[in-house]
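Each number in the numbering used here corresponds to the 1-based position in the sequence shown with 293 added. Notes for the one structure printed next.
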Amino acid sequence: MSRLAIMVALALGAAGAASANEADTTADVRCLVVVSAMASASPEQQSSAMMAALYYLGRIDGRTPALDLEARLIQETGRFAPKDMAAEGKRCGAHLMSRGTRLQEIGARLSAAAKK
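Now the structure itself:
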């Protein structure tokens, strides 16, 4: 394979990874918008919203630490229609439930292994 072909392949691969990262970042910023909206809810929901916000903020910071978070929050908030809040809330909630279930499974296995 020629040097040019290798460079093109690497560039395309990097572009694809950047695009995937951007999509993931956008999804996480949208979840942060949703959980921020929950901050004005009941005290129980406020606590859950704070934990969820820290989770999504950690994902965003881990992937794109130099992101202008304020600008992206403003941008994504401006893109939300009322119907989007419910749909995004379901998506984000399902993701959190999945990760929580996974963590419980790991904890159960670690606990069982410690008893042996």
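Each residue gets a CB set at the ideal place from its N, CA and C atoms; glycine is no exception. Quick caveat, the model's predicted, so the values are computed rather than measured.
Residue j beta carbon less than 8 Å from that of residue i
i	j	result
Asp377	Arg352	no
Leu389	Leu325	no
Glu369	Thr318	no
Spatial distance of residue i from residue j (CA atoms)
i	j	result
Gly371	Ala345	21 Å
Ser269	Leu362	Shown here, the chain extends from 294 to 409; a query on residue 269 therefore has no answer.
Ser340	Arg392	18 Å
Ala406	Glu398	12 Å
Coarse secondary structure for residue i, derived from DSSP in three states
i	result
Asp361	coil
Ala332	helix
Lys383	helix
For residue i, the nearest candidate out of the options (CA to CA)
i	options	result
Ala332	Leu347, Ile399, Ala401	Leu347
Leu360	Pro375, Asn314, Glu381	Asn314
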